[in-house]
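Position in the sequence shown (from 1) plus 136 gives the number in this note's numbering.
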Amino acid sequence: MKNSLVKILRLADHPSALVYLLAGSLDAHYLNLKGILLILVGLYCLSIGTFIVNEYTDSFDTDKFSLRDPKKLVTKIIGSKKTILFAWFIFTGIGTTIFLTCHLFCQAAAIVILGAFYSLPPFRFKAKFPYDIVSLFVFFIVAPYSIGFALQGLPFSQMFTLPFFALTLSLGPAEGIHFLVDVGADEKAGLTNTAVVL
């Protein structure tokens, strides 16, 4: 049971956002180690909260055709809506509190709102091209990368530099592997996301 819960949290899938946070902090010359570590914890919690909701909503469509583990575990382990809501509230609450304490209001709002819209109907951005790509781009790349600039009081426009685009072009396609792995199940489930359309 414990291993199944750990698998559902998909702890290994969250570090990409953390990479953008660290890179953005370096690019903005924000070198407060304690501050960075605190925000890393907050971002990790927000990402986990988003993935929990995604795993749950996937159980009603794509999981019916998916061979991936832990996707088929979700209805058995945390199938209750109350359990899902409780887990989301805990992780999202911790992450949001940290972000608000650090005055990262825009980043907190973008991550929480897009995280919910990505998975939950009637929005379900995950199922629609190009909303799936745009929401993930803001969630995993733009919002984390902008944190260092916000903490330094720098304008948002300054983050769009060569390091930002280089990192996006190198790590962005790597994230696309997740789309390719699920493309068969997504197509059978009737999703029209980026992988299915392309």
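Yeah, the Cβ is synthetic: ideal placement off N, Cα and C, and Gly gets one too. All figures in this text were calculated on a predicted structure; none of them were measured in a lab.
Excluding its 5 nearest sequence neighbours in each direction, T330 has C-beta neighbours in its own chain below 7 Å: F265, P266, D268, I269 and F315, listed in chain order. Your pair A223 and S183 does not check out as a contact, with CB atoms roughly 13 Å apart and the cut at 8 Å. Between the beta-carbon of G284 and that of Y166 there is about 4 Å, and that keeps the pair under the 8 Å contact cut.
Separation of G320 and L334 (C-alpha to C-alpha, rounded to the nearest whole angstrom) is 12 Å.
Taking a C-beta distance under 8 Å as the contact criterion, T193 and S255 qualify as a contact pair. Of the other Cβ atoms in all chains shown, fewer than 16 fall within 10 Å of the Cβ of V177; this residue is therefore exposed. Within the region 175-261, the alpha helix (DSSP H) runs of at least 4 residues that lie entirely inside it are, in chain order, 210-213, 217-237 and 241-255. Per DSSP, reduced to three states, the secondary structure at T328 is strand.
Cβ-Cβ distances below 6 Å link D163 to P299 in the same chain, with the five nearest sequence neighbours on each side left out; the list follows chain order.
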